[in-house]
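Here is the structure we will look at.
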Amino acid sequence: MDVNKASFTREVPEDRQIALKKILSLRKPAKIMIIGDVDTGKTTLAVYLANELISNGLKVAIIDSDVGQKGILPPGTISLALVDSYFSSMEDLKPYAHYFVGSITPTQFFGEMVVGVSKLSEVATRLADVVLIDTTGMIYGSGVDLKRMKIEAVKPDLILALGRENELEPILRGYEEITMELQVSEQARDFSRAERRAIRREKWRKYFENAKLRVFELSNVVVTGTSLFQGKPISDGEKSLLEKLFKWVVIHGRKIGDKYFVVKADVVEGPRNIDKNVLRFLDFTKLSNILVGLIDREGFCLGVGILKGINFAEGKIELLTPVEEPVAELRFGRIRVREDGEELGILDRDAL
Numbered sequence: 001m002d003v004n005k006a007s008f009t010r011e012v013p014e015d016r017q018i019a020l021k022k023i024l025s026l027r028k029p030a031k032i033m034i035i036g037d038v039d040t041g042k043t044t045l046a047v048y049l050a051n052e053l054i055s056n057g058l059k060v061a062i063i064d065s066d067v068g069q070k071g072i073l074p075p076g077t078i079s080l081a082l083v084d085s086y087f088s089s090m091e092d093l094k095p096y097a098h099y100f101v102g103s104i105t106p107t108q109f110f111g112e113m114v115v116g117v118s119k120l121s122e123v124a125t126r127l128a129d130v131v132l133i134d135t136t137g138m139i140y141g142s143g144v145d146l147k148r149m150k151i152e153a154v155k156p157d158l159i160l161a162l163g164r165e166n167e168l169e170p171i172l173r174g175y176e177e178i179t180m181e182l183q184v185s186e187q188a189r190d191f192s193r194a195e196r197r198a199i200r201r202e203k204w205r206k207y208f209e210n211a212k213l214r215v216f217e218l219s220n221v222v223v224t225g226t227s228l229f230q231g232k233p234i235s236d237g238e239k240s241l242l243e244k245l246f247k248w249v250v251i252h253g254r255k256i257g258d259k260y261f262v263v264k265a266d267v268v269e270g271p272r273n274i275d276k277n278v279l280r281f282l283d284f285t286k287l288s289n290i291l292v293g294l295i296d297r298e299g300f301c302l303g304v305g306i307l308k309g310i311n312f313a314e315g316k317i318e319l320l321t322p323v324e325e326p327v328a329e330l331r332f333g334r335i336r337v338r339e340d341g342e343e344l345g346i347l348d349r350d351a352l
């Protein structure tokens, strides 16, 4: 299956050439943020501009922050690539650095999205003349707030806005002086949800095709993004009480402040009346195939892995990952995915 949503072409609307001239005139290093709805040609624009800027002798960096429709593998991350030669699509680029988000949608992950783009932008401006920032198509509702937070954090020198009518006005209000509005190309193609999922499936599969099992000792890594190891272990008495009250087998339990968090398996099926302000729980069947970021000491993501098992008694975590470098931190995401690329759903932020 072709996983390239955007490929290089010089058959572009005339305003792209005007945008190119504007970028060439900016003081360097310059940060360019591309904003637009889904399927408006944001990535195609980034590929076009990068190649043209290179032909003008400039060093170019691309930040791919479209976590769901990533060109630069893997999905679920924000990625930085340095471009020094002609390329036809984002899939051709090798990542220089990643920041882990752990989901294929920005919802519930605004902090990671803003910090990731900001952190990678700082790196990119030290290495390139022009930094092109490709964003998600989330432009309505809370997406307005996310885009404005990104603009505040990154402080782009130019915003290229691919909009229909006035749909981007809530995002761009107050930023008119640094905004250039571009028309949506007639060649921009709409992709169905099923097509997007199929494209992601192939990208996941490609990323994990050479993955191997790695076992991490909890004593040797920091584990974040989850309540699994916060607080202190529950006592045998607390475990027994919970099992009797709710007809569970409690596999793992922690007391975090005055609240409880447990991993359980049902002994008897049926509804339970549980006050989630006192007790949170995760079914053991959901504690597998969770995307996990492998993080270095600087907070950058070396790559991702798929959770295959946790041995709570021995303090070990088993991941399937292509990453071979030393790891300082394991950061839990919320999407569940198999190595063949099949997505198994997204957990709520508070579920884990």
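Residue 66 in the UniProt record's numbering sits at position 66 of the sequence shown; the count goes up by one each step and never skips. Cβ coordinates follow ideal geometry from the N, Cα and C atoms, glycine included.
Residue i to residue j span [Cα, whole Å]
i, j, result
"Val101", "Asp134", "16 angstroms"
"Ile18", "Leu182", "10 angstroms"
"Pro322", "Pro75", "14 angstroms"
"Leu218", "Lys308", "15 angstroms"
"Pro233", "Arg27", "56 angstroms"
"Val278", "Gln69", "38 angstroms"
"Ser103", "Ile290", "10 angstroms"
"Met149", "Val117", "11 angstroms"
"Arg126", "Ala81", "13 angstroms"
"Phe208", "Gly253", "31 angstroms"
"Trp248", "Leu93", "49 angstroms"
"Pro156", "Ile32", "6 angstroms"
"Gly341", "Phe109", "22 angstroms"
"Glu243", "Lys212", "36 angstroms"
"Met113", "Ala194", "24 angstroms"
"Lys119", "Gly111", "12 angstroms"
"Leu49", "Thr40", "15 angstroms"
"Leu73", "Asp275", "40 angstroms"
"Lys286", "Ile23", "47 angstroms"
"Ser89", "Val12", "15 angstroms"
"Val67", "Asn273", "36 angstroms"
Nearest residue (CA-CA) to residue i, options the options
i, options, result
"Asn210", "Glu339, Gly270, Lys94", "Glu339"
"Asp64", "Val38, Pro271, His98", "His98"
"Ile78", "Ser85, Thr43, Val115, Ser55", "Val115"
"Val154", "Arg164, Ile178, Val263, Glu167", "Ile178"
"Phe87", "Ile251, Ile54, Tyr96", "Ile54"
"Glu52", "Glu202, Asp84, Ile256", "Asp84"
"Ile310", "Gly299, Asn273, Leu228", "Leu228"
"Ala328", "Tyr207, Val223, Ser235, Gly163", "Val223"
"Ile306", "Gly253, Arg214, Lys147", "Arg214"
"Gly163", "Ile151, Met180, Pro95, Glu202", "Met180"
"Thr44", "Ala30, Asn56, Pro29, Ile62", "Ile62"
"Glu325", "Gly341, Glu269, Val304, Arg334", "Val304"
"Gly71", "Asp145, Arg193, Trp204", "Trp204"
"Glu176", "Ile151, Asp145, Trp248, Arg197", "Ile151"
"Asp296", "Gly270, Val221, Arg201", "Val221"
"Leu347", "Thr107, Glu91, Gly111", "Thr107"
"Asp190", "Lys42, Asp350, Ile35", "Lys42"
"Ile35", "Val67, Pro271, Tyr96, Lys147", "Lys147"
"Arg349", "Leu302, Gly231, Ser288, Thr226", "Thr226"
"Leu320", "Phe216, Lys259, Glu238", "Phe216"
"Asn56", "Ala161, Val130, Ala351, Ser240", "Val130"
Residue span of the beta strand (DSSP E) that contains residue i, given as start and end
i, result
"Met113", "Element bounds for Met113: not the beta strand (DSSP E) but the alpha helix (DSSP H), 110-127."
"Arg280", "279-283"
"Ala46", "Run containing Ala46: none in the beta strand (DSSP E); it sits in the alpha helix (DSSP H), 42-55."
"Glu329", "329-337"
"Phe261", "259-266"
"Thr105", "No beta strand (DSSP E) contains Thr105, which DSSP labels as neither H nor E."
"Ile306", "301-311"
"Met180", "179-182"
"Ala30", "30-36"
"Thr77", "77-83"
"Leu160", "158-162"
"Phe229", "Element bounds for Phe229: n/a, residue is neither H nor E."
"Val323", "No beta strand (DSSP E) contains Val323, which DSSP labels as neither H nor E."
For residue i, the first and last residue of its enclosing alpha helix (DSSP H)
i, result
"Met149", "142-154"
"Leu241", "236-246"
"Arg196", "193-208"
"Glu342", "It is not in any alpha helix (DSSP H) - Glu342 carries neither H nor E in the DSSP assignment."
"Arg16", "14-25"
"Ile171", "169-172"
is_contact[residue i, chain D] using C-beta, thresh 7 angstroms
i, result
"Gly36", "The structure shown contains no chain D; it is built from a single protein chain."
Cβ pair residue i, residue j closer than 7 angstroms
i, j, result
"Ala128", "Lys59", "yes"
"Gly137", "Asp37", "yes"
"Val268", "Ile251", "no"
"residue 357", "Ala46", "Missing from the structure shown is residue 357; the chain here goes from 1 to 352 and no further."
"Gly299", "Arg331", "no"
"Phe246", "Ala265", "no"
"Gly345", "Arg336", "yes"
"Gln230", "Ile256", "yes"
Contact the segment 306-320 vs the segment 167-184: 3+ CB pairs below 8 angstroms: no
Validate contact between the segment 275-292 and the segment 183-196 using beta carbons, cut 8 angstroms, 3 pairs: no
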